[in-house]
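So the structure is just underneath, and the comments pick up after that.
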Amino acid sequence: MPNPTTGSSQQPPRTRRSAVRVVRVALLIRSHTLPLLSYRVPNRLAGGVRVGTTVVAPLSGYGRLGVVVGFEREGDRELKELRTVASDLNLPATLVRLCARVAAASALPLQTVLRAALPPGISAAACEVIRPAPGWPWKRGEVLGRAELRRTLGAAGLKTAEEEMRVILTPRRAPPRTVEWAVLEEGGIGSRLPRRAHRQRALAETLERHGGACPTAYLLDEAGAGRASLRQLVLRGAIRLEGRPETAPVSYTRGSGADLASYRDGAGRALERGGAWVWRTPTPQGSAVVAAIARAAAARGGGTLVLAPEVEAVERLVGELRRLLPAGLTVAPYHAKLGRGRDLLYEAARRGEVDVLVGTRAAALVPVGSLGAICVTDEPNEAHRADPESHEGVPVHARDLVMERGRIEDVPLVFLSPTPSLKLYAPESGASRLPPRKPDFWPAIRLVDQRGTGAALSSTLLDACRETLREEGCVGVVANRLGLATLVSCRRCGRVLSCPTCDRPFALHDGPEGGSLACGTCGRRERAARECPACGSDRLGAAGLAAGGVRSTLAGALDVEVDLLTARERDAAGAPVVVGTTGLVLKKRCDLVVVPDADALLFGSGTVERGFGLLYGAAEASRSRLLAQTRSPEHPVLRAALAGDYEAFAAAELPRRRALGYPPHGHLAKITLTGPERAVRRAVESGLRPALEPGIELTGPSPVPANGANVKAKTGANAETTSWRLLLRARGRESVAAAAALVARRVAERCGGLRVRVEVDPEEV
DNA sequence: AGCACGCCGACT
DNA sequence: GTCGGCGTGCTC
6 MPNPTTGSSQ QPPRTRRSAV RVVRVALLIR SHTLPLLSYR VPNRLAGGVR
56 VGTTVVAPLS GYGRLGVVVG FEREGDRELK ELRTVASDLN LPATLVRLCA
106 RVAAASALPL QTVLRAALPP GISAAACEVI RPAPGWPWKR GEVLGRAELR
156 RTLGAAGLKT AEEEMRVILT PRRAPPRTVE WAVLEEGGIG SRLPRRAHRQ
206 RALAETLERH GGACPTAYLL DEAGAGRASL RQLVLRGAIR LEGRPETAPV
256 SYTRGSGADL ASYRDGAGRA LERGGAWVWR TPTPQGSAVV AAIARAAAAR
306 GGGTLVLAPE VEAVERLVGE LRRLLPAGLT VAPYHAKLGR GRDLLYEAAR
356 RGEVDVLVGT RAAALVPVGS LGAICVTDEP NEAHRADPES HEGVPVHARD
406 LVMERGRIED VPLVFLSPTP SLKLYAPESG ASRLPPRKPD FWPAIRLVDQ
456 RGTGAALSST LLDACRETLR EEGCVGVVAN RLGLATLVSC RRCGRVLSCP
506 TCDRPFALHD GPEGGSLACG TCGRRERAAR ECPACGSDRL GAAGLAAGGV
556 RSTLAGALDV EVDLLTARER DAAGAPVVVG TTGLVLKKRC DLVVVPDADA
606 LLFGSGTVER GFGLLYGAAE ASRSRLLAQT RSPEHPVLRA ALAGDYEAFA
656 AAELPRRRAL GYPPHGHLAK ITLTGPERAV RRAVESGLRP ALEPGIELTG
706 PSPVPANGAN VKAKTGANAE TTSWRLLLRA RGRESVAAAA ALVARRVAER
756 CGGLRVRVEV DPEEV
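If you count by this note's numbering, then the first sequence holds residues 6 to 770, one letter each, in order.
Structure follows, in structure tokens:
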């Protein structure tokens with residue numbers, strides 16, 4: 006069978022005579038059901054068309070941007086011709102193959118993945134006037150939007166104009182933006198400034214330090230001056246302002262490389278042997294390990310692609326790499342917040358001008374000239390996968406994406422984390438292991454057995470906090486649940502107040518009139534009840550450790566200011582005690598880290614694997630001591646996490662995963678259908694179940710409350726249209742993905758009222 | 001019958 | 001993404 010991305014094996018396009026005649030094209034329009042289409046290559050374009058060439062091809066009369074994804078033998082079918090090639094958007098053939106694999110493995114349309122691999126901000130509607138017809142208001146060579154052409158020529162007129170090649174679609178990179186620069190005039194300023202003009206002097210000095218020219222945005226920021234001072238300098242004739250084309254934010258390293266020696270062997274070994282490697286390295290050593298890998302790659306003449314989970318981590322890493330790597334290498338960040346600069350970086354990386362490209366998952370598909378290594382930091386982090394709900398980027402974990410990329414481009418991969426995901430650590434994943442690095446420091450651990458106590462915060466815990474505060478240390482308290490309490494129950498009959506739709510206990514949130522009840526699953530909010538709905542008693546009591554409650558209890562007991570740190574709020578910044586969610590509290594290092602409910606962290610929400618990582622991270626974030634309260638002090642996962650013993654954890658969990666058929670031993674796809682129950686059931690029973698291949702197991706549909714209030718608002722879901730979950734399980738990843746893709750296509754084609762979303766191998770089910 | 005509207009499938 | 005076909009349902 007001919008491979009769709011490499012072409013038929015019968016007629017390899019080698020010489021001019023056998024140049025490609027017919028190509029398979031993925032048109033980049035927002036339609037999830039449009040198949041790949043075939044076009045004839047006109048003689049004038051023959052030779053310039055290969056896999057990865059971006060082309061303009063007609064579809065219902067109009068030109069469309071597309072990517073050549075394969076060849077085909079000439080048949081007897083009448084085919085339309087390609088119109089032009091848009092050569093400054095071409096993708097490397099290897100990247101197209103990667104996109105095809107990613108699409109197949111994730112049940113996503115190839116078009117969606119290709120779009121993510123193209124430079125951001127393409128103007129796909131720009132048309133160039135080639136041969137203006139008599140009477141046209143435009144001159145030859147003029148570029149204008151398709152909308153304007155249509156307004157003047159009409160729909161039919163535009164079609165004819167395109168067919169006669171009077172105008173052609175010219176998809177192009179985002180036009181370069183100009184930024185304002187301040188330039189020192191001849192003769193400088195120096196003594197001519199009045200003595201009191203501090204700001205102007207600061208500006209002038211900063212400008213001189215930058216060699217006499219600098220973008221004004223940086224200049225004002227660095228000198229701490231406003232535009233008024235800048236104006237003054239212009240009026241004095243000391244400087245002038247001018248527009249210059251924006252440049253990619255590529256910077257040079259300026260270190261010595263001296264701190265990297267101890268990681269040289271590991272990095273060298275991975276790059277020498279190639280393939281995928283897991284390197285268990287303590288989080289604080291992460292930057293140095295990345296630097297060592299980048300250095301080893303540079304020594305072999307290759308660039309390095311580094312992936313970090315969040316923008317903030319990317320920027321931090323760029324700064325540290327500049328400091329750690331020997332002078333003379335180029336480093337650049339790549340993430341969505343760069344705006345237009347991202348497009349320039351894409352181009353610089355493609356031309357091989359960036360030695361180390363550090364980016365978020367958006368960078369995983371960026372072409373990098375002479376790529377020598379790929380490095381994924383904080384590998385198990387879920388932020389490495391785009392939220393499938395947001396429709397931004399490819400909802401595939403960067404780990405899985407670069408695994409494929411490494412294979413196709415034959416580039417060594419190194420995955421870093423002290424607690425790698427088990428699906429990667431399992432020997433069956435194909436990743437080899439480098440000798441793990443020991444943490445430089447591990448805190449003293451104190452485990453408080455809470456069995457048989459009613460107190461939420463033990464006296465041991467409070468004493469430990471007091472002691473740390475006496476020594477002027479800081480305390481970080483991990484409480485992942487928001488609100489004052491995780492549940493409200495009746496003290497008389499024991500009834501737990503729960504959400505009527507989700508049947509999960511309500512959390513108690515702060516607010517007027519006794520606060521409100523909030524459902525963590527669907528986002529439902531209610532006024533806090535005064536009486537038990539079951540027995541009418543007014544003896545309702547709140548329980549369960551939540552950030553807000555822990556904070557007020559601690560503030561009262563310790564008599565200090567306590568900062569609450571959650572995604573939403575942060576007050577009392579700089580307080581000696583911080584209570585908050587793991588991600589935020591563990592970012593800052595504390596002398597004492599307190600985990601008041603280790604059981605909730607480990608088993609409360611999500612997988613045990615994630616809980617293990619969080620607890621391990623809590624220990625890493627401590628500069629001196631860690632205290633954890635638990636009701637299962639003997640639990641092996643808890644023990645392993647607190648002892649920093651990942652190997653013991655993996656040894657216990659890996660056989661369990663194998664037995665359950667979790668990745669990489671088996672694969673699953675999570676399919677979410679949104680719509681009325683009857684339509685969902687009909688679609689599943691008549692359309693899907695009979696179409697499944699043997700060996701693929703289907704469970705569901707089971708109702709899933711839309712996750713969070715914001716999702717509900719976005720999708721307009723209501724009581725009649727809830728979401729339904731289907732799970733597909735099979736041994737092979739490709740077979741679940743294929744089945745999931747089939748489901749998605751069938752539902753999209755036949756069941757108009759339903760929305761489908763597919764996630765292959767989600768991090769959590 | 002005549003027309004507006006919306007859904008569906010084709011487009012290469 | 002764009003278009004035409006066709007069915008539904010409403011109006012003259």
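Here a beta-carbon is modelled for each residue, glycine too, at the ideal position from N, C-alpha and C.
The structure displayed is predicted, hence computed values, not measured ones.
field: 8 Å Cβ shell around Glu190 - same chain, five flanking residues per side excluded
entry: Around Glu190: Gly242, Ala243, Ile244, Arg245.
message: For a test of the three-state rule: what should DSSP assign to Val294, helix, strand or coil?
response: Three-state result, Val294: helix.
- prompt: Short check: CB of Asp360 to CB of Pro124, under 8 Å?
  reply: No.
query: Apart from the five residues just before and just after Asp596, which ones in its own chain have a Cβ nearer than 8 Å to its Cβ?
result: Around Asp596: Thr473, Glu476, Gly478, Cys479, Val480, Ser627, Arg628, Ser629, Arg630.
task: Tell me where the beta strand (DSSP E) around Val336 begins and ends.
output: It spans 335–339 - the beta strand (DSSP E) in which Val336 sits, taken as one unbroken run.
- request: Report back the beta-carbon spacing between Val73 and Gly57 to the nearest angstrom; my notes put them in contact at under 8 Å.
  value: Indeed, because the Cβ distance is near 7 Å, the residues count as touching under 8 Å.
- prompt: Which residue from Arg532, Leu489, Ala341 puts its Cα closest to that of Val555?
  reply: Answer by Cα proximity: Leu489.
- prompt: So, are the CB atoms of Ala131 and Arg177 less than 8 Å apart?
  reply: Taking 8 Å as the Cβ cut-off, Ala131 and Arg177 qualify as a contacting pair.
- prompt: Among Arg535, Leu174, Pro708, which one has its Cα closest to the Cα of Thr727?
  reply: It is Pro708.
- prompt: Where does Gly588 sit, in a helix, a strand or coil, going by DSSP?
  reply: Annotated three-state conformation of Gly588 is helix, per DSSP.
Whole-angstrom distance between Pro199 and Gly126, CA atom to CA atom: The alpha-carbon atoms of Gly126 and Pro199 are separated by roughly 47 Å.
task: Since I believe Leu439 is in contact with Gly271 (beta carbons under 8 Å), could you give me their beta-carbon distance rounded to a whole number of angstroms?
output: Right, the Cβ-Cβ distance comes to about 5 Å (below 8 Å), so this counts as a contact.
message: Quick check: the Cα distance between Asn723 and Cys504, rounded to an integer number of angstroms?
response: Any answer about Asn723 is weak, because its pLDDT of 43 lies below 50 and its placement is not dependable; what the coordinates show is given next. Going from the Cα of Asn723 to the Cα of Cys504 covers about 16 Å.
- prompt: Per DSSP, what kind of secondary structure is Thr458 in: helix, strand or coil?
  reply: Coil.
query: With distances taken from CA atoms, which of Val599, Glu536, Cys540 is nearest Leu550?
result: Nearest of Val599, Glu536, Cys540 to Leu550, Cα basis: Val599.
- request: Flag this pair as yes or no: are the beta carbons of Ala444 and Pro287 separated by less than 8 Å?
  value: According to the sequence displayed, residue 444 carries Pro and not Ala. A contact, by the Cβ cut-off of 8 Å.
message: Here's a check: name, in chain order, each residue in its chain whose Cβ is nearer than 8 Å to the Cβ of Leu759, leaving out the five neighbours to either side.
response: Annotation for Leu759: Leu678, Thr679, Gly680, Ala684, Val685, Ala688, Val752 place their beta carbon closer than 8 Å to its own, counting only its chain and skipping 5 residues before and after.
Anticipated Cβ contact below 8 Å, Thr335 with Val255, distance rounded: Contact check for Thr335 and Val255: beta-carbon distance about 5 Å, within the 8 Å limit, so the pair qualifies.
Counted within 10 angstroms of its Cβ, other Cβ atoms place His396 as buried (16 or more) or exposed: With fewer than 16 other Cβ atoms inside 10 Å of its own Cβ, His396 counts as exposed.
message: With H, G and I counted as helix, E and B as strand and the rest as coil, what does DSSP make of Lys717?
response: For Lys717, the predicted structure reports a pLDDT of 41, less than 50, and the residue's modelled location is therefore unreliable. A value from the coordinates is still provided. DSSP places Lys717 in helix when its eight states are reduced to three.
- request: Just grab the DSSP bridge partners of Asp568 for me.
  value: Answer is Val583, bridged to Asp568.
- prompt: Going by other Cβ atoms of all chains shown within 10 Å of its Cβ, with 16 needed for buried, is Val501 buried or exposed?
  reply: Classification for Val501: exposed.
- request: Identify every residue that forms a DSSP beta bridge with Ser256.
  value: Looking at the DSSP assignment, Ser256 forms a beta bridge with Val336.
Which of helix, strand or coil DSSP assigns to His672: When secondary structure is reduced to three states using DSSP, His672 falls in the strand class.
query: How is the alpha helix (DSSP H) around Val407 delimited, first residue to last?
result: Membership of Val407 in the alpha helix (DSSP H) is indicated by the continuous run 403–414.
Member of Arg78, Val584, His215, Thr258 whose CA lies at the smallest distance from the CA of Leu326: Here the closest residue by C-alpha is Thr258.
message: Less than 8 Å between C-beta atoms, sequence neighbours within five positions excluded: which residues of the same chain meet that for Asp773?
response: Look at the range of the chain in this structure, 6 to 770, and you will see that residue 773 is not part of it.
message: Going by C-alpha to C-alpha distance, which of Gly307, Arg305, Ala275 sits closest to Val294?
response: Among Gly307, Arg305, Ala275, the Cα nearest to that of Val294 is on Ala275.
- prompt: Mind checking whether Ser463 and Gln634 have CB atoms under 8 Å apart?
  reply: Yes, they are a contact pair.
- prompt: What does His514 pair with, by DSSP beta-bridge criteria?
  reply: Beta-bridge pairing by DSSP links His514 to Ser521.
query: For Phe76, does the three-state DSSP call read helix, strand or coil?
result: If DSSP states are grouped into helix, strand and coil, Phe76 belongs with the strands.
query: Under the DSSP definition of a beta bridge, which residues are partnered with Tyr44?
result: Residue pairing by DSSP places Tyr44 opposite Val28 in a beta bridge.
- request: Could you spell out the range, first to last residue, of the alpha helix (DSSP H) harbouring Ser261?
  value: From DSSP, Ser261 is part of no alpha helix (DSSP H); its letter is neither H nor E.
query: Roughly how many angstroms lie between the CA atoms of His640 and Ala105, to the nearest whole one?
result: Their Cα atoms are separated by approximately 44 Å.
7 Å CB neighbourhood of Leu64 in its chain, flanking five on each side removed: Only Leu32 meet the Cβ criterion.
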